[in-house]
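Going down the list, the protein sequences come from chains A and B.
Note that numbering that gives the first Met the number 0 has the first sequence beginning at 0, numbered continuously upward.
Note that numbering that gives the first Met the number 0 has the second sequence beginning at 0, numbered continuously upward.
We treat Cβ as the ideally placed atom computed from N, Cα and C, and that holds for glycine.
In this text the structure is predicted, and so the values were computed from the model without any measurement.
Below you'll find the structure, written out as structure tokens, and then a few comments.
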Amino acid sequence: MTCQTSVARGPRTWSIAATIMVLAASMWSAGCANTATGGGGDGAGARKLSGVVVEPVPDVSALSLPEASPAAEPFRFVADGGDLLLVYFGYTACPDVCPTTLADLKAALKQLGAPSKQVSIAMATIDPRRDTADVISGYLHSFFPSATALRTDDDAALRSVTNAFGASYLTEYPNTGEPRVSHSAYLYVVDDQGHVVLAWPFGTTSADIALDLEQLLA
Amino acid sequence: MKARSLALASVLTLAVLGASACGDDTTSDAASDETTTTLAAGPTISGAWARNSPMEATNGAAYLAITGGTSDDQLVSASVDSTIAGKVELHETVAAGDSGDGSMGATTMGAPTTAAGDTMTATTLAPAMEMRPVEAVEVPAGKKVELKPGGYHIMLLDLVQPLVVGDSFDLTLTFAEAGEQVVTVEVKDAP
């Protein structure tokens, strides 16, 4: 099994992507991490990034989702000049993958230190029925007090955004019992041009996230 | 006399177990107590922890490692006091579409959702992940089974109050053969 350096478009992507996802955790721990190039890499000596570079690079600059606040102002997926915006699609009733990812990111930003001021975070709920504005905001702010929570009841709007990122989700609300939710578990890095320059699969260590951020910000 | 030889046999068994199970050293306690000859035959639990939960989170998860005992067993259920959570289930996080029951994943997440027209600018990176309840977690004799983020976990539903770092609570694990074991779960923000 080899490590994939990027993901190209096309039907074969599915098997490749599935392989990446299923093996992500073991690959990362097995020292197979530094597979991606591009992004902020600036020369032959540069460390390779741990995340996945999507090709062609998605442009999400024209998209927005409403902030989970009373004003519900549109939030655009573009980082401030020279900074990075990290975007996650998840939900608060998620006990395993979402809090693990957010906790790992929190640890990564701590390791990154001062440059973490150049990193902003947004999380959009894929479970708007249960995640009211207050719930998703409070949840996200418990990890990152200055992060932006995003929420819309317009499924088509949310779908167009996740599609653009290359994310997927499915939320079903059966008449009885718990809602069923599945979602792709990547954390996306957007630059100041609105380009998705990197995506970390679930299981990427906080140390690798910190090193990638440091390199992208350099 | 019979009791003494039985105890001796159990000590010998425990010594073998201790060498092969690479678990924690709870077996040595059992070995020193001649009345608890059957304890070490069951699975041993180590490293039980649960992630702290935001106030808004209705669910949490506990993780631990189980080292199988002298014979194959299954973790079939878990429970906590009703002051901790309303319900406890065994869950597994899997790539959507991998689930054996096929009730959800296969038809829904097998391909990227292409909206009308050509609005997709990037191929979906990977199938989504989803959780599914599991009937039991297999615990083969002498093997270590880890319940950890992104895999098997003990899902705590309807948390009564947030799980706070530094707190701990009792978790009762029920094995098909070995019966119940109570472990202390530490609330932490990382493994």
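**Prompt:** Among Trp199/A, Glu72/A, Lys47/A, which one has its Cα closest to the Cα of Ala166/A?
**Reply:** Trp199/A
**Item:** Burial state of Ala61/A, where buried means 16 or more other Cβ atoms lie within 10 Å
**Value:** exposed
**Message:** Among Pro69/A, His182/A, Thr91/A, Glu72/A, whose alpha-carbon lies nearest the alpha-carbon of Ser141/A?
**Reply:** Thr91/A
**Prompt:** Where does the unbroken alpha helix (DSSP H) through Asp141/A begin, and where does it stop?
**Reply:** Correcting the residue identity first, residue 141/A is Ser in this sequence and not Asp. It spans 132 to 142 - the alpha helix (DSSP H) in which Ser141/A sits, taken as one unbroken run.
**Asked** Which first and last residues belong to the alpha helix (DSSP H) in which Ser205/A is found?
**Response** 205 to 216
**Supposed contact pair Asp190/A and Leu48/A - C-beta distance, whole angstroms, cut 8 Å** = The pair is not a contact, with the Cβ atoms about 13 Å apart (cut-off 8 Å).
**Asked** Taking C-beta to C-beta, are Leu83/A and Val118/A nearer than 8 Å?
**Response** yes
**Item:** Closest residue to Ala60/B among Gly150/B, Val181/B, Ala175/B, Gly178/B (Cα-Cα distance)
**Value:** Gly150/B
**Prompt:** Anyone know if the C-beta pair for Thr173/B and Val87/B falls short of 8 Å?
**Reply:** no
**Message:** At the level of alpha carbons, what is the spacing between His194/A and Gly50/A?
**Reply:** 15 Å
**Asked** Any beta-carbon of chain B closer than 8 Å to the one on Thr204/A?
**Response** no
**Request:** Select from the region 176 to 206 of chain A all residues with a C-beta closer than 9 Å to any C-beta belonging to chain B, and list them in chain order.
**Result:** Glu177, Arg179, Val180, Ser181, His182, Ser183, Ala184, Tyr185, Val195, Ala198, Pro200, Phe201, Gly202, Ser205
**Prompt:** Which residues in chain B sit within 7 Å of Tyr90/A, going by Cβ to Cβ distance?
**Reply:** In chain order: nothing, as chain B lies at least about 10 Å away.
**Request:** Taking a Cβ distance cut-off of 8 Å, strictly less, list which residues of the region 58 to 78 of chain B are near chain A, in chain order.
**Result:** Asn58, Gly59, Ala60
**Request:** List the residues of chain B whose Cβ lies closer than 7 Å to the Cβ of Ser145/A, in chain order.
**Result:** Simply none; closest approach about 16 Å.
**Prompt:** Would you say Thr183/B faces chain A, with C-beta separation under 8 Å as the test?
**Reply:** no
**Asked** Quick one: is Tyr87/A near chain B, going by C-beta distance under 8 Å?
**Response** no
**Request:** Kindly list, in the order they appear in chain A, the residues whose Cβ is closer than 8 Å to that of His127/B.
**Result:** It should be pointed out that residue 127/B corresponds to Ala in this sequence rather than to His. The contacting residues are Ser167, Tyr168, Leu169, Ser181, His182, Ser183, Ala184.
**Prompt:** Near Ala132/A, what residues of its chain come up, given a Cβ to Cβ distance below 6 Å and the 5 sequence neighbours on each side ignored?
**Reply:** Ala67, Arg150
**Request:** Let me know if Arg50/B comes out buried or exposed under the rule of 16 or more other beta-carbons within 10 Å of its beta-carbon.
**Result:** buried
**Item:** Bridge-paired residues (DSSP) for Arg131/B
**Value:** Glu91/B
**Request:** Can you tell me which of the three DSSP states Asp157/B falls into?
**Result:** strand
**Request:** Could you tell me whether any Cβ in chain A is nearer than 8 Å to the Cβ of Thr92/B?
**Result:** yes
**Prompt:** For Val182/B versus Ala47/B, is the C-beta distance shorter than 8 Å?
**Reply:** yes
**Prompt:** So is Glu176/B in contact with chain A if we call contact Cβ pairs under 8 Å?
**Reply:** no
**Request:** Assuming Tyr138/A contacts Pro53/B (C-beta within less than 8 Å), just tell me the rounded distance between them.
**Result:** 5 Å
**Message:** Measuring CB atoms only, is the region 92 to 103 of chain A touching the region 56 to 70 of chain B, in the sense that at least three cross pairs come out at less than 8 Å?
**Reply:** yes
**Asked** Does the beta carbon of Glu145/B sit closer than 8 Å to a beta carbon anywhere in chain A?
**Response** no
**Request:** Please list, in chain order, all residues of the same chain as Thr161/A whose beta carbon is under 7 Å from its beta carbon, the five residues on each side excluded.
**Result:** Phe88, Ser167, Tyr168
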